[in-house]
Every structure is written in C-alpha cells, then in structure tokens.
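Taking our numbering as reference, the numbering of the sequence shown is continuous, increasing by one, and the terminal residue is 372.
Built from N, CA and C at the ideal position, the CB exists for glycine as well.
In what follows, a structure is listed as structure tokens, so that the remarks can point back to it.
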Amino acid sequence: MIIMLFLALVLFIVYFIHTFHYSRHWMENFEVTLAFSEEQAGEGDTLFLYETAVNKKKMGLPIMCVKYLASRFLQFEGAESGTVSDHFYRNDVMSVDGFEKVRRKLKFTCKKRGFYQIQEAELVSYDLFCRHTFVQKIPVEVSLLVYPSRMNIRKLMPVFRHMTGSCKTNVPLFEDPFLSGGVREYTPEDSMRKIHWKASARMGNWQVKTAEYTASTPVVILLNLESPGVFVSVDLMEESIRLAYSFVYYLSKEGVETKLVISGDEKYSMEGTGRTQIAAARRALALISYEHPLSKGEDFVIRECEKIRREQHVILISAAGKKPMQKAVSDMLHRNESLTWIAPTFSEYGEDNEFREIPPSIAKCLVKWRGM
C-alpha cells in the first residue's frame, strides 16, 4: 500500500513538473508561418498555402493545432479539416519533435476575385497527458490579390462587330474573315482550313489566306455597378466586372487607347495602353467591394458624359436600365453617337424587366449579354 502511494506521489510530482515546464516553454523557440505560393492570381487559378512549423528547442510538441480563418472563396482541397460558412476555418493538427521543421502544402482554388488576408493564427497545444490546454495567438501577415477572369475573345466578337467607328489597320487586333488581305507561307500554327489551294499550287509550297484587321478608335469603358432591382445582384455585378476587364485586356494588349471609369469613386478612373493599363485596371477591378453604397447609374453617366470626346467610342457596361438610366444614355447619344451599351442579364428582358421598353435610338446600341 505504501509503495502504491509512493508511486502515485512520484507520478504526481512528475506530472506537475512536466506540466509546469511545458506551460512555461512550449512556445519558446517555436514559430509558425503561413505563405501563399503566389501574391497574385486570377479567378479559377490553383495555388498553394504553405504552413511551416519550426521547433528550435530540444523539447518536442506531441500535439500542435494550427487554426486560422480564410475566405470561403479560397476553396481548399480536402476541406474535411475545416468548417465553411462565411469563412473557411482551418484546423491542422501536427506533431513537432525537438529541432524539427514541419511543412504542410495545402492546395486551393481561387473561386472569386478579391483581396484576401490571413492576419492571425491560433496555436493550441496539450501536455503529454492531454489534461491541460495551452493557447497562443500569433500575428501572420499573408495576402493574396485575385484578379477577375477574362472571357474568351470568341464570345466577345459579336460585341466588337456591333461597335461602330472601326477602321482598317495593320495592327493585328481582331481578324475579320470578310476582309481579304492576301496570302502568306503556311506555319504549323495555322489551321488547314486557311490553306489557299490555288496559291499553294502556283507557289509550289503551302500558302494560307490572311485577313485584314479592324481596330477601334480610342475607347472609354464606363462600368456601372448599380444593380437592377432592389437588392445587389452579385452574379450580375461580377459578370460586369469580368466584361470590363476583358475589354481593357484585349484592346490595351493591341495598343488601343482605353480609359476605364468605375462608378462609385472618382479614383477608379485610369487611362492608357499596353501592359501598364492592363495591370492598373485588373488591380482596381479586383479591389471593388459592395460594402459601400454606389452612386446612381444615371448620375454616373451624366457626370462622365461631359468628359467624353467625340472621337472616342463609349462602351457602357450596366445591368441597370430603368427610365432615368435610359434618359441619361439618350442624352449621351446626342453628344456622342459612337456608343455601345452592354447589359448583362439573366433573362431575355433583363432583371426587373428594366429593358422591356426601350426607345429605338437606344435599342440600336444595346447588346444584351447572357454570357453567364
């Protein structure tokens, strides 16, 4: 009996000493870092989040839980170790021996454009007997900017054909198969359908048909983010943002001067060409938030109407199209006839039937976009 009591006392002393020592030193020379594999990405891209735990002391950590919140729009592969609501709550369990480095590689997909941050992680550990819990919050500063995706050029070709003010150019912007430009030598990238058989027989080697290209005059892209109806239609707004980025990308990439203006804030106005314009536009579009109230679409159009030059072509992207908006667009048409109104819709008549009745002057420049 005395021996049993003695052993129990020894075990209690060992347990007390271990627990006390563990509580004092478990975070000593131990660090956890998080890092995205890239700082920037596009919608639909697959990236990795790296969890790295480094233990620089002799004492091991038998159970270590790393917990943090990430946006649900970063869709992790094998999400069974987390819970998803507005955020993804990650809970990763690991064991870290003394003087050991443990690295986890978590695969995820960017489901939506935006700016994502992980600012804090919670470390939870247990003593050897799992009787006591130790918690420590640590700051982590990792961020990821997700750009809107761009649409396939083939989907946008009907819109480009609808746009007025095109002219012939040697800059290869959008190939027009109806404008013949001669023949050239065949390359492996060419389709067999482009082979000019008569010219090939005459020249003695394969020749393909070429086409002239069309390019627009300087383009102003007005992005109105006012939703049709009473509530914010996120799907329509996101489609509008993707449309705006696609036009900036394809036009700027080929040297066409573009100006992008976004409703709601004067700072969202940028003008230029090439890669610089593309980078500035996609960053501005990635950072758009619906948390702050946006200006009325008609106020936005009226304000920008005074700034537009006659030689510019206007692309208005707006899912909202009630009577006041139609009146503002009609006034803009009197000032600048070169205008294309792209209206993303879910149905033939648009949300809340806003496009059921439109005047003929607007109908000529209106393109209902059902690309979603």
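Would you call residue i buried or exposed, if buried means 16 or more other Cβ atoms sit within 10 Å of its Cβ?
i, result
"lysine 259", "buried"
"lysine 326", "Residue identity differs from the one stated: residue 326 is glutamine in this sequence, not lysine. That one is buried."
"arginine 370", "exposed"
"tyrosine 68", "buried"
"cysteine 130", "exposed"
"glutamate 304", "buried"
"aspartate 127", "buried"
"isoleucine 308", "buried"
"arginine 275", "exposed"
"threonine 345", "buried"
"asparagine 205", "exposed"
"phenylalanine 300", "buried"
"arginine 113", "buried"
"glycine 297", "buried"
"threonine 133", "exposed"
"tryptophan 197", "exposed"
"leucine 5", "exposed"
"histidine 313", "buried"
"valine 234", "exposed"
"threonine 187", "exposed"
"tyrosine 349", "Residue placement at tyrosine 349 cannot be trusted, given a pLDDT of 45 that sits under 50; what the coordinates show is reported in the next sentence. The residue is exposed, with fewer than 16 neighbouring Cβ atoms inside 10 Å."
"arginine 24", "exposed"
"alanine 8", "exposed"
"glycine 411", "Absent from the structure is residue 411, since the part of the chain shown begins at 1 and ends at 372."
"isoleucine 3", "exposed"
Ignore the nearest five residues each way along the sequence and tell me which others in residue i's own chain have a CB closer than 7 Å to its CB.
i, result
"phenylalanine 178", "At phenylalanine 178, the pLDDT of 46 sits below 50, so the modelled position is not reliable; the number obtained from the coordinates is stated separately. Counting only Cβ-Cβ distances below 7 Å, and skipping sequence neighbours, we find nothing."
"histidine 87", "Leu69, Ala70, Ser71 and Arg72"
"isoleucine 153", "Tyr250"
"alanine 281", "Tyr245, Val248, Leu260 and Met270"
"tyrosine 22", "Asp127"
"threonine 19", "Asp127 and His132"
Terminal residues of the continuous alpha helix (DSSP H) containing residue i?
i, result
"valine 234", "234 to 253"
"arginine 275", "274 to 286"
"glutamine 326", "323 to 335"
"phenylalanine 300", "297 to 305"
"valine 159", "153 to 162"
"proline 218", "Element bounds for proline 218: n/a, residue is neither H nor E."
"proline 359", "That residue, proline 359, is in no alpha helix (DSSP H); it is neither H nor E in DSSP."
By Cβ distance below 6 Å, which residues in the same chain neighbour residue i in space, the five residues on each side in sequence not counted?
i, result
"glutamate 257", "Pro218 and Thr273"
"glutamate 122", "Lys67 and Lys137"
"threonine 164", "In this prediction, threonine 164 scores a pLDDT of 47, lower than 50, which makes its location untrustworthy; no coordinate-derived value is stated."
"serine 143", "Gln117"
"leucine 251", "Val219 and Thr258"
"glutamate 378", "Only positions 1 to 372 of the chain appear in this structure, which leaves residue 378 out of reach."
"valine 159", "Val367"
"serine 263", "Asn224, Leu225, Leu294, Ser295 and Phe300"
"threonine 109", "Thr46 and Gln75"
Can the beta-carbon of residue i be found closer than 8 Å to that of residue j?
i, j, result
"aspartate 97", "glycine 44", "no"
"arginine 242", "methionine 151", "yes"
"phenylalanine 76", "leucine 106", "yes"
"proline 228", "alanine 319", "yes"
"isoleucine 317", "leucine 223", "yes"
"proline 360", "serine 330", "no"
"proline 125", "methionine 64", "Inspection of the sequence shows that residue 125 is occupied by serine rather than by proline. Yes, Cβ-Cβ distance for serine 125 and methionine 64 is below 8 Å."
"alanine 35", "tyrosine 15", "no"
"asparagine 29", "lysine 57", "yes"
"valine 232", "tyrosine 290", "yes"
"leucine 225", "leucine 333", "no"
"threonine 33", "valine 135", "no"
"isoleucine 288", "isoleucine 221", "no"
Looking at the unbroken beta strand (DSSP E) that takes in residue i, where does it start and where does it end?
i, result
"phenylalanine 20", "Where phenylalanine 20 is concerned, there is no enclosing beta strand (DSSP E), although the alpha helix (DSSP H) it sits in stretches over 2 to 25."
"histidine 405", "Nothing about residue 405 can be read from this structure; the chain reaches only from 1 to 372."
"methionine 203", "Note, methionine 203: premise wrong, no beta strand (DSSP E); alpha helix (DSSP H) at 197 to 203."
"histidine 313", "313 to 318"
"proline 344", "339 to 344"
"tryptophan 206", "Counting along the chain, tryptophan 206 falls outside any beta strand (DSSP E), and DSSP gives it neither H nor E."
"serine 403", "Not covered by the structure: residue 403. The range shown for the chain is 1 to 372."
"threonine 187", "Premise fails: threonine 187 is in no beta strand (DSSP E) and is neither H nor E."
"serine 125", "114 to 126"
"phenylalanine 36", "30 to 36"
"isoleucine 63", "61 to 71"
"asparagine 42", "According to the sequence as given, residue 42 is glycine; it is not asparagine. Segment 40 to 42, the beta strand (DSSP E) holding glycine 42."
"leucine 74", "74 to 76"
"isoleucine 262", "258 to 262"
"tyrosine 50", "46 to 55"
"lysine 101", "100 to 110"
Might you give, ordered along the chain, the residues of its own chain that have their beta carbon closer than 8 Å to the beta carbon of residue i, omitting 5 neighbours on each side?
i, result
"lysine 364", "none"
"arginine 283", "Leu145 and Tyr147"
"serine 240", "Leu223, Asn224, Leu225, Ile317, Ser318, Ala319 and Pro344"
"isoleucine 17", "none"
"glutamine 207", "Val183, Arg184, Glu185, Tyr186, Ile195, His196, Ala199 and Ser200"
"glutamate 311", "Thr217 and Pro218"
Is the shortest distance between the beta-carbon of residue i and the beta-carbons of chain D less than 8 Å?
i, result
"threonine 345", "No chain D is part of this structure, which consists of one protein chain only."
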